[in-house]
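Asker: Encoded as structure tokens, here's the structure I'll be asking about.
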Amino acid sequence: HSDYDAGENVKVRQNGRATIFSDIKISGSENNPTSVVLTEEQQSIAVALYFENTSQFTLHMANDAKWPRTFLLSGISSVQWPSIDTPAPTPFPTPLPSEAPTYPPTTTPVSTPSPTCPFSSVSGNCEVD
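The sequence shown maps to residues 1 to 129 in UniProt numbering.
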């Protein structure tokens with residue numbers, strides 16, 4: 001990584017080329033994000049990594065606790081983009097779809113970023129080379 005932001009409840013230490021991030025708050029998985037706009041509590045336990053001229057990186061995870069951990073990986077959140085707004089709610093009632101497409105369909109699939117990609121692991125520390 002080129003740089004990082006770590007929340008106030010994240011311990012950061014260096015081990016050679018690796019940067020090790022450890023949470024210092026036990027939350028019981030009750031504060032997992034449901035949006036890219038993080039709450040203050042979620043930001044306090046989040047780590048944002050920034051990469052420049054990087055085509056790949058290695059991420060090691062480990063858990064020193066006696067219970068499983070859940071890690072949420074995201075492409076971007078309000079940590080990197082503080083001005084991001086919460087999406088507007090869907091109007092009620094939901095409007096009916098238009099009769100015809102309002103723009104021509106694309107011939108090439110367009111990837112849609114997912115705000116979070118959860119995966120479970122018996123892990124706790126995050127080490128990035």
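Note that CB positions come from ideal geometry on N, CA and C, so glycine has one too.
For Ser77, which option in Thr54, Ala46, Asn63 has the closest C-alpha, if you only look at C-alpha atoms?
Answerer: Ala46
Asker: Can you name the residues that DSSP bridges to Ser22?
Answerer: BP columns for Ser22 point to Lys11.
Asker: Assuming contact is defined by CB atoms lying nearer than 9 Å, are Val10 and Leu38 in contact in what I supplied?
Answerer: no
Asker: What is the residue span of the beta strand (DSSP E) that Phe71 lies within?
Answerer: 69 to 73
Asker: Please state whether the Cβ-Cβ distance between Ala48 and Ala6 is less than 9 Å.
Answerer: yes
Asker: Cα separation between Lys25 and Pro82?
Answerer: Their backbone Cα atoms lie some 23 Å apart in a straight line.
Asker: Which stretch, first to last residue, makes up the alpha helix (DSSP H) that contains Ser44?
Answerer: 40 to 44
Asker: To the nearest angstrom, report how far apart Ala18 and Ser35 are at their CA atoms.
Answerer: 29 Å
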